[in-house]
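Peer 1: The structure is given below, and queries will be raised subsequently.
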C-alpha cells in the first residue's frame, strides 16, 4: 500500500496547479438541475421585462435576445434583472454550491462571497459593453480574490472573455505604469497574440485569477452572451478596498472559527 | 401621542470603520437607499462625536415605538462591544422593528439577519485584532491601529 506523502489529494493538486500555471480552472457545475433553476429565473425576468409570456427554449431566447432589444435598452434590462435576481435569497447559496468543490480547493473552505451577483449581457456587435483589458489588483482590489464566471448559454471566443496567461503577464503590468500615452486598446493590441479566449459551455463554470489581465471585446459570434459572475476569497485574507459588509460577507464560517472569534473578541474588545 | 410612521435616519460625526464620510454624503446614501426600498425616511439624527458614545442611537431605539425602525448609514456604526450589539439586536427583535444598514443593503429583522450582521462584525474584529496589515486611505497601517480609528 502506497501511503500519501502530500497533504493535497490528487484532485486538489491538479486544480491548484492548473490555477497557478494557467490562471484558471474550468469544471462542470455541481448540479445541472440547480443551474437550470438559475437560468429559469433569469429567463423569466428577461421575458417579463420584454413582455413575453412563455419561453419554450431558454437557450434560444437568451442567445437571440438581440432581436428583441436594442443596445440602448440593454443597460436598463441588465440593471432590472440584476436587481430582481439579487432579491432571491436562494441565488447566492445556489451559485456557491454550483462551484463549491473547486472554490474550496482554490480559495479555501472558509470563504467570503461578494454580496451581489453580477450579470453580463454581450449583444453581438455592441461596442458599448466592451470591458477594456484590466486586472482587478491594478485597481486596488485584494489580490486574494477569485472570480467565478457562470455562463447561461454556451460562450466561445468573443462571446466570452479573454485572459492573459501568467507567463505572458509578467511584463505587462510594468508597461502599463506611468504616463505612457497608451490607451487600453494599445495594451490589448500588444497582448492580443497571447490572450486565451475562455470557451465555457452552459453546464460549466470558470474560476479565474483576476490579477491577470482580462476583459472582453466586441462580440462577433452572432449570438448574445449571458453570464453571471461573483467574487470569492478566503475569509481571513486582506480585503483592500472591497470591504467586509459593504462588498463581501462571510458565508462558510466553521464551528471552531466561531468559537475562536467569540473567545478572542470577548477577551479583547470593550466599549 | 401621534405615531410617526417611517424610519429614523442615523448618521455619524466620527469616522466609520476607519474612514471619515461627510454627513451630507451619509444623508445622500440614506435617501438613495430609502428611495430604492420604498422606505419613508424621517429626519436623521447625528451621533455625538465623543469616542465610543452611542447616546443618540440609544435614544432612537427607545423612540422606536413611535416609528417603524431605524436606518443606519453603516453596520460599522454599531458598538464595538459584542455584548452591546447583542442588546441592540434584542431591542430590535423584541419591538418588531427593522434596523436597516444602508451602505451594506442589509436589514436586521429576525434572528437570522442579526446573525448575518454579527458574522460580518466578528470577522472584521478578528482580522483587526490579529496583527494583519490592512489598507486605510491607501496607506498600509497595522490593523489594530486602523480599528481604533473607527467608532
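Chains as they are written, first to last, in my numbering: chain H, 1 to 271; chain G, 1001 to 1151.
Glycine included, C-beta positions come from ideal geometry on N, C-alpha and C.
Nothing here was measured: the structure is a model prediction, and the numbers come from that model.
Do you know offhand how far residue 1124 (chain G)'s Cα is from residue 1068 (chain G)'s?
Peer 2: So the two alpha carbons sit approximately 29 Å from each other.
Peer 1: Consider the Cβ of residue 1028 (chain G): report whether some Cβ of chain H lies at a distance smaller than 8 Å.
Peer 2: No, no contact with chain H.
Peer 1: Can the beta-carbon of residue 77 (chain H) be found closer than 8 Å to that of residue 224 (chain H)?
Peer 2: Going by C-beta atoms, residue 77 (chain H) is not nearer than 8 Å to residue 224 (chain H).
Peer 1: Counting only Cβ-Cβ distances shorter than 8 Å, please list the residues of the segment 1017-1050 of chain G near chain H, keeping chain order.
Peer 2: Those would be 1017, in chain order.
Peer 1: List the residues that DSSP assigns as beta-bridge partners of residue 1100 (chain G).
Peer 2: According to DSSP, residue 1100 (chain G) bridges with G:1071, G:1107.
Peer 1: Quick one: grab the DSSP three-state call for residue 66 (chain H).
Peer 2: Looking at residue 66 (chain H) - three-state DSSP - the assignment turns out to be helix.
Peer 1: Roughly how many angstroms lie between the CA atoms of residue 1120 (chain G) and residue 1104 (chain G), to the nearest whole one?
Peer 2: Taking the straight line joining both Cα atoms gives about 11 Å.
Peer 1: Ends of the beta strand (DSSP E) at residue 1010 (chain G)?
Peer 2: Note, residue 1010 (chain G): beta strand (DSSP E), 1007-1011.
Peer 1: Could you spell out where the alpha helix (DSSP H) holding residue 82 (chain H) opens and where it closes?
Peer 2: Element bounds for residue 82 (chain H): 71-85.
Peer 1: Compare the C-alpha of residue 1088 (chain G) against each of G:1028, G:1036, G:1054, G:1073 and name the closest.
Peer 2: The shortest C-alpha separation from residue 1088 (chain G) is found at G:1054.
Peer 1: Could you name the residues of the segment 1061-1094 of chain G whose beta carbon sits closer than 9 Å to any beta carbon of chain H, in the order they occur along the chain?
Peer 2: Cβ contacts with chain H come from 1074, 1075, 1076, 1079, 1080, 1081, 1082, 1083, 1084.
Peer 1: Taking the alpha-carbon positions, what's the residue 209 (chain H) to residue 145 (chain H) distance?
Peer 2: Roughly 8 Å separates the two Cα atoms.
Peer 1: For residue 1017 (chain G), does the three-state DSSP call read helix, strand or coil?
Peer 2: Coil at residue 1017 (chain G), not helix or strand.
Peer 1: In three-state DSSP terms, what is residue 263 (chain H)?
Peer 2: Here residue 263 (chain H) sits in helix by DSSP.
Peer 1: Mind pulling the alpha helix (DSSP H) runs of 4 or more residues that sit fully within the segment 5-71 of chain H?
Peer 2: Counting whole runs of 4 or more residues, the segment 5-71 of chain H contains the alpha helix (DSSP H) stretches 10-22, 32-50, 58-63.
Peer 1: In angstroms with no decimal places, state the Cα-to-Cα distance between residue 1062 (chain G) and residue 240 (chain H).
Peer 2: Distance between the alpha carbons of residue 1062 (chain G) and residue 240 (chain H): 37 Å.
Peer 1: Mark residue 1 (chain H) as exposed unless 16 or more other C-beta atoms lie within 10 angstroms of its C-beta, in which case mark it buried.
Peer 2: With fewer than 16 Cβ atoms within 10 Å of its Cβ, residue 1 (chain H) is classed as exposed.
Peer 1: Determine the chain H residues that contact residue 988 (chain G) at a beta-carbon separation under 7 Å, and present them in chain order.
Peer 2: For residue 988 (chain G) there is no data in the structure shown, the boundaries of chain G being 1001 and 1151.
Peer 1: What residues from chain G crowd round residue 45 (chain H), counting only those whose CB sits closer than 7 Å?
Peer 2: Result: empty, since nearest Cβ-Cβ is about 17 Å, beyond 7 Å.
Peer 1: Within 8 Å of any Cβ in chain G, is that where the Cβ of residue 85 (chain H) sits?
Peer 2: No - not a single Cβ of chain G is within 8 Å of the one on residue 85 (chain H).
Peer 1: Report all residues from its chain with a CB closer than 6 Å to the CB of residue 251 (chain H); omit the five preceding and five following residues, and keep chain order.
Peer 2: Closer than 6 Å at Cβ, skipping near neighbours: 111, 113.
Peer 1: Tell me the DSSP secondary structure of residue 1121 (chain G) in three-state form.
Peer 2: DSSP places residue 1121 (chain G) in helix when its eight states are reduced to three.
Peer 1: Which residue marks the beginning of the alpha helix (DSSP H) containing residue 188 (chain H), and which one marks its end?
Peer 2: Start and end: 184-191.
Peer 1: From H:69, H:60, H:64, H:57, pick the residue whose C-alpha is nearest to that of residue 51 (chain H); which is it?
Peer 2: Nearest option by C-alpha distance: H:69.
Peer 1: What are the residues in the segment 134-164 of chain H lying within 7 Å of chain G by C-beta distance?
Peer 2: Those residues of the segment 134-164 of chain H that come within reach of chain G (Cβ to Cβ, closer than 7 Å) do not exist; the list is empty.
Peer 1: Determine the direct distance from the alpha carbon of residue 86 (chain H) to that of residue 93 (chain H), and round the result to whole angstroms.
Peer 2: Going by the C-alpha atoms only, they are around 11 Å apart.
Peer 1: By the 10 Å Cβ neighbour count, where 16 or more other Cβ atoms means buried, how is residue 132 (chain H) classified, buried or exposed?
Peer 2: Under this definition residue 132 (chain H) is an exposed residue.
Peer 1: By DSSP's criteria, residue 1042 (chain G) is part of a beta bridge. Which residues make up the other side?
Peer 2: For residue 1042 (chain G), which the question treats as bridged, DSSP gives the partners G:1008.
Peer 1: Terminal residues of the continuous beta strand (DSSP E) containing residue 150 (chain H)?
Peer 2: Unbroken beta strand (DSSP E) run through residue 150 (chain H): 146-151.
Peer 1: Are the CB atoms of residue 14 (chain H) and residue 98 (chain H) within a distance shorter than 8 Å?
Peer 2: No, they are not a contact pair.
Peer 1: Taking DSSP's pairing of strands, which residues face residue 157 (chain H) in a bridge?
Peer 2: Partner(s): none; residue 157 (chain H) has no beta bridge.
Peer 1: Can you tell me the Cβ-Cβ gap for residue 22 (chain H) and residue 165 (chain H), rounded? I've got them flagged as a contact below 8 Å.
Peer 2: With 8 Å as the limit, residue 22 (chain H) and residue 165 (chain H) qualify as a contact, their Cβ atoms being about 6 Å apart.
Peer 1: Taking residue 200 (chain H) and residue 160 (chain H) to be in contact with their CB atoms under 8 Å, please state how far apart those CB atoms are, rounded to whole angstroms.
Peer 2: Indeed, because the Cβ distance is near 6 Å, the residues count as touching under 8 Å.
Peer 1: Measuring CA to CA, which of H:222, H:214, H:47 is closest to residue 189 (chain H)?
Peer 2: Residue 189 (chain H) has its Cα closest to that of H:214, out of H:222, H:214, H:47.
Peer 1: Using beta-carbon positions only, say whether residue 158 (chain H) and residue 254 (chain H) come within less than 8 Å of one another.
Peer 2: In this structure, residue 254 (chain H) does not lie closer than 8 Å to residue 158 (chain H) by Cβ.
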